[in-house]
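Visitor: Sharing a structure here in C-alpha cells format.
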Amino acid sequence: MLAGEHVNVTEDRAVLHTALRQPRGASLEVDRQDVVGDVHEVLDRVYAFADKVRSGEWTGVTGRRVETVVNIGIGGSDLGPVMAYEALSPYRQDGLECRFLSNIDPTDAAQKLAGLDPETTLFVVCSKTFGTLETLTNARLCRSWLLEHLDGQDEEEAVRRHFVAVSTALDKVADFGIDPENAFGFWDWVGGRYSVDSAIGTSLVIAIGPDRFAELLAGFHAMDEHFRTAPPERNVPMLMGLLNVWYSTLLGAQSHAVLPYSQLLHRFPAYLQQLTMESNGKGVRWDGSPATTDTGEVFWGEPGTNGQHAFYQLIHQGTRLIPADFLAFAEPSYPLRDGEQDVHELFLANFFAQTRALAFGKTADEVRAEGTDEAVVPARVFTGNRPTTSIMARALTPSVLGQLVALYEHITFVQGAVWGIDSFDQWGVELGKKLALEAEIRRHAGPDALAAEVAERLLVVLRDAQADGRVPQVVLTGGTIAATIHATLARVAGRAGVDWRSVDFWWGDERFVAADSEDRNALAVRRELLDHLDVDPARVHEAPSTDDAADVHAAAAAYGEEVRASAAHEFDVVMLGMGPDGHVASLFPGFAEVEDHDHVAVGVTGSPKPPPERISLTLDALNRTRATWFLVSGEGKADAVARALAEGPVVDVPARGAGGREETIWFLDEAAASALER
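Add 1368 to the 1-based position in the sequence shown for my numbering, that's all there is to it.
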C-alpha cells in the first residue's frame, strides 16, 4: 500500500491516502507519476482560498464577508470533515461557523439553512464525480434557496461567489455555475472514507486555518511513519489490528465499542463506522474465494460519561463479548472547576474506573463483604476479563487528532490484510445506489388505464410542489398516448386542487414550422389541454416557430436561453414519448445531438420523420429533473422498450440516456411491454 501498488484489486487502483500528508519535497510515484507535488499544488490552492475567506477578501455577491460555510457532501465527504470540525472546535476562527448538509431528507437542508443569511453564506460542494445523487440534490436545493433570497442579483455571479466545489469533474462543475478556478480536485487513489486530509477538508481548513490543518497533516504523517518503520512488537496499529482480529475471529466478538472521554470527539464513533465497516464488511477475499471466517465488526459508541448511563451495562454484564477502546486526554480543552473540584479530574476518574472494572470485575466474595443480601449477590457480580484498550494523549490538538485517525486507518488495513480481503472497495454501497436509480416499470391493460394513472400522479406532483411553495415545472410531450393523458387531465382539472396559473409548462421538443402549423406539438397540446385550464400565458413556454427565428439553430439557442433563465434550474416532471427507433424528444439514434453536452437545446436537421427541422432539449437538459416519465403504448414500440431498458450505447438508443434524479418510470400498456420478461 505505502509503495503505491494497486492493492485495491477489484477496481485496479492504488490506495495512497498516505500521500496526502507527505511533506513538501517528498517523492512518491503512483503509476509512474510523482504525486506529492500534485498534492501540494492542490493544498496550496485550498490554503490560499481559505485565507481569502478568513480574511474577508473573499466576499459574497453583495460584498459582505463570509460568516457561514455549508459543506455539502455525504459519506466520506461529510463524516470526516464534520468529525474533525467538532473535534478541533477550540481552534476555530471566531465569526466563522460551518454546517454540514448530507442527508437527502429535506428536513436536513431545512434545518441547516435555518437562520442563515444568504449574503454571508458560502457552500462547498464535495463530490469527486459531481454526480453523487444526495450531494447534487442538496446542492441544487441550496442554489435555489440562495437565488430566491438574493432576488435582484445577477444569478451567475451569485453562484460564482457563493459556491465552490471539491471535484475533478470540471465540466459538470462549470455547468452547475461554479467557476472551475474555485474547484479543488483529488484523485482516484483516495477513497472517500480516507479523504478528510484531502481537499475534502476545505471547510475544515477555512474553519481552523491552514497552519492548524498543516499540524493535522503532520500528525497523520507521524503515525504513517510509525506504522512503516516500527517493528511489529512495538507497532501500535499492527498490535491493535491483530488484537481486533483475535477478538472478532477467535473469540467471536461481533461488535467493537469506541468510547471517547472527550465531548469534542462525539462524532468520532460515527466516523469510524464508515472507515471500518465500509472497509472490512466483505465476504469475499482478494482472490475471489469466500471468506472462511467472520470479517468486520459493528463499530459504535458515544462519549463518556454519557455512555455509562446508557449502554455500559451491556459491556459490563451482558452475555456478548464487546471489546472497547477508551480514549482520553490528560489536559482539558476547556478547564473548569466546581469550587475546589477540578471537573476534568472527575471526568478522568470515570475513565480509569470503567477500564479497571471491565478488567478485574467484582467477585461474589467482594459483593458479600459489602453486606449484600445473598439473594442479590449473583446480580452484583462482575466477571471482569472484558477486553479494553486505553489510549491517552496529553491534549486533543490537531496533530493528535491526525495521529488518532491515521491509527485507525492502519488498524483497519491490518485487519483486512489478515482476513485477506480488499479493504478499499465498497460494492455493497454501489449496488444500493444503482438499485435506487433503477427504472420502475408500470404496466397497464390499455392506453386509457395508463393515461388515468399518469394524470393522477401528475396532479399529486403539482399539488405537492405548490404546497412546498414552489412553482412546478412540467415538460410536456406530443403523440397519441400524450393526447389521451391531456384529455384525461382536462376532464378533472377543475376539481384537481391545482393552481394552474402557478404551473410552468415546457416542451421537450418542437417541430420548426410556422406557429399555426398543425405539425406543432404546442398547437395540439393547447387544444387537448391548455385551452381547458386557467393557465398564465407567461408560464406557457413554447419553442420559437419559423415566425420567430431565422433558422432552427437560432430558435434552439433562444429556447435554451429561456430554459436556462426561467426553469428554476430543475424540472419536476419530464414526460417523454419514444419512437420505434428508441428516440426521445427529437434526439434520434446516431445523431450527434444525442451526445451534445454543451447546450440546453439544439437544432436538429435531417430528421428521419417529417418535418425535417426540429428543436430539442438535450439529454443533459432533460435529465435536470426530479422525475422522468416515459409514456409508451402500442406493440410497434415493444422492441424499442426492451432495447431502451437494456445496457448499451446511448447514441444507439437515446432513451437509454434519459432519467430523473429521484425516479424514472416507464408507463407502458400491455402491448408496449410485450417484449419484456415478467
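Heads up, the beta-carbon is just placed ideally off N, CA and C, and yes, glycines get one too.
Note that the structure is a prediction, hence the values are computed from the model and not measured.
#1: What residue ranges within the segment 1503 to 1527 form continuous beta strand (DSSP E) runs of no fewer than 3 residues, ordered along the chain?
#2: Do you know offhand how far LEU1388's Cα is from GLY2025's?
#3: Pick from ALA1926, LEU1632 and TRP1654: whose alpha carbon is nearest that of PRO1671?
#4: Would you list, in sequence order, the uninterrupted beta strand (DSSP E) runs of no fewer than 3 residues that lie entirely inside the segment 1895 to 1946?
#5: Going by the beta-carbon positions, is the gap between THR1503 and SER1495 smaller than 8 Å?
#6: So is TRP1795 buried or exposed if we call it buried at 16+ other beta carbons inside 10 Å?
#7: Between VAL1942 and GLY1876, which are expected to be in contact by the criterion C-beta below 8 Å, what is the C-beta distance as a whole number of angstroms?
#8: Per the contact definition of three or more C-beta pairs closer than 8 Å, is the segment 1741 to 1754 in contact with the segment 1709 to 1729?
#9: Reducing DSSP to helix, strand and coil, say where ILE1442 ends up.
#10: Should PRO1318 be labelled buried (16 or more other beta-carbon atoms within 10 Å of its own) or exposed?
#11: Once DSSP output is grouped into helix, strand and coil, what is the label at GLY1587?
#12: Under a three-way DSSP split, which group does SER1602 fall into?
#13: So TRP1426 and VAL1434 are in contact, right, with Cβ under 8 Å, and what is the actual spacing, rounded?
#14: Put ASP1988 into one of helix, strand or coil per three-state DSSP.
#15: From the DSSP output, read off the bridge partner residues of ALA1533.
#16: Roughly how many whole angstroms lie between the Cα atoms of LEU1572 and GLY1739?
#17: When DSSP labels each residue in this structure, what does TRP1654 get in the three-state scheme?
#18: Hey, ASP1472 and THR1505: beta-carbon distance below 8 Å or not?
#19: Determine the direct distance from the alpha carbon of GLU1454 to that of LEU1464, and round the result to whole angstroms.
#20: Using DSSP's beta-bridge definition, name the partner residues of PHE1544.
#21: So, is VAL1564 buried or exposed, given that buried needs 16 or more other C-beta atoms within 10 angstroms?
#22: Can you tell me which of TRP1557, ARG1460, ARG1859 and VAL1735 puts its alpha carbon nearest to the alpha carbon of THR1536?
#23: Just to confirm the assignment, what range does the alpha helix (DSSP H) spanning THR1570 have?
#24: Smallest Cα separation from LEU2048: which of THR1660, LEU1695 and GLY1448?
#25: Using 8 Å as the threshold, is the C-beta distance between TRP1787 and ALA1659 below it?
#26: Taking the Cβ atom as the reference point for each residue, do ASP1436 and THR1488 lie within a distance shorter than 8 Å?
#27: Measure the CB-CB distance between SER1630 and ALA1725 and report whether it falls below 8 Å.
#28: Determine, using beta carbons only, whether ASP1988 comes closer than 8 Å to chain B.
#29: Just checking, does the segment 1916 to 1932 make contact with the segment 1993 to 2007 on the three C-beta pairs under 8 Å criterion?
#30: Which ranges does the beta strand (DSSP E) cover as unbroken runs of at least 3 residues, wholly within the segment 1840 to 1898, from first to last along the chain?
#31: For the 8 Å Cβ check, are there 3 or more pairs between the segment 1645 to 1664 and the segment 1579 to 1599?
#32: Of all the options GLY1649, VAL1768, ASN1718 and GLU1708, which has the alpha carbon lying nearest to the alpha carbon of SER2117?
#33: Below 8 Å on the Cβ atoms is my guess for PHE1939 versus VAL1843; work out the distance and round it to an integer in Å.
#34: Around the C-beta of PRO1905, are 16 or more other C-beta atoms found within 10 angstroms, so that it is buried, or is it exposed?
#35: What would DSSP say about ASP2020, mapped onto helix, strand or coil?
#36: According to DSSP, is LEU1456 part of a helix, a strand, or is it coil?
Guide: Quick look at the numbers:
#1: Assignment of beta strand (DSSP E) within the segment 1503 to 1527, counting only whole runs of 3 or more residues, yields no such run.
#2: If I take the Cα positions, the gap works out to 36 Å.
#3: Closest in C-alpha terms to PRO1671, from the list ALA1926, LEU1632 and TRP1654, comes LEU1632.
#4: Those beta strand (DSSP E) runs which fall completely within the segment 1895 to 1946 and span 3+ residues are 1939 to 1944.
#5: Yes, the Cβ-Cβ distance between THR1503 and SER1495 is below 8 Å.
#6: Flag for TRP1795 reads exposed.
#7: About 6 Å separates the two Cβ atoms, so the contact holds.
#8: Touching, yes.
#9: In the three-state reduction of the DSSP assignment, ILE1442 falls in the coil class, being assigned neither a helical nor a strand state.
#10: This structure cannot settle anything about residue 1318, because the visible part of the chain is limited to 1369 through 2046.
#11: The three-state secondary structure of GLY1587, taken from DSSP, is helix.
#12: Residue identity differs from the one stated: residue 1602 is Arg in this sequence, not Ser. Looking at ARG1602 - three-state DSSP - the assignment turns out to be helix.
#13: That belief holds up - the Cβ atoms of TRP1426 and VAL1434 are roughly 6 Å apart, short of 8 Å.
#14: The three-state secondary structure of ASP1988, taken from DSSP, is helix.
#15: Beta bridge pairing from DSSP links ALA1533 with VAL1493 and ALA1551.
#16: When rounded, the distance between both Cα atoms is 55 Å.
#17: Correct three-state label for TRP1654: coil.
#18: According to the sequence as given, residue 1472 is Ile; it is not Asp. Yes. Within cutoff.
#19: Straight across, the Cα-Cα distance linking LEU1464 with GLU1454 is about 13 Å.
#20: Per DSSP, none; premise fails for PHE1544.
#21: Buried is the call here.
#22: The closest CA to that of THR1536, considering only TRP1557, ARG1460, ARG1859 and VAL1735, is found on TRP1557.
#23: In the DSSP assignment, THR1570 falls within the unbroken alpha helix (DSSP H) covering 1570 to 1576.
#24: Because the chain in this structure spans residues 1369 to 2046, residue 2048 falls outside the shown range and cannot be described.
#25: Yes, they are a contact pair.
#26: Looking at the sequence provided, one finds Thr at residue 1436 rather than Asp. A contact, by the Cβ cut-off of 8 Å.
#27: In this structure, ALA1725 does not lie closer than 8 Å to SER1630 by Cβ.
#28: The chain labelled as chain B is not found in the depicted structure, where only one protein chain is given.
#29: With the cut-off at 8 Å, the segment 1916 to 1932 and the segment 1993 to 2007 do not touch.
#30: DSSP runs (the beta strand (DSSP E)) wholly in the segment 1840 to 1898: 1841 to 1844, 1872 to 1875 and 1877 to 1879.
#31: Flag = no, the segment 1645 to 1664 and the segment 1579 to 1599 do not touch.
#32: Here the chain has residues from 1369 to 2046 only, and residue 2117 is not among them.
#33: Correct: roughly 5 Å between the Cβ atoms.
#34: Exposed, because fewer than 16 other Cβ atoms sit within 10 Å of the Cβ of PRO1905.
#35: ASP2020: coil per DSSP, three-state reduction.
#36: In the three-state DSSP reduction, LEU1456 falls in the coil class, being neither helix nor strand.
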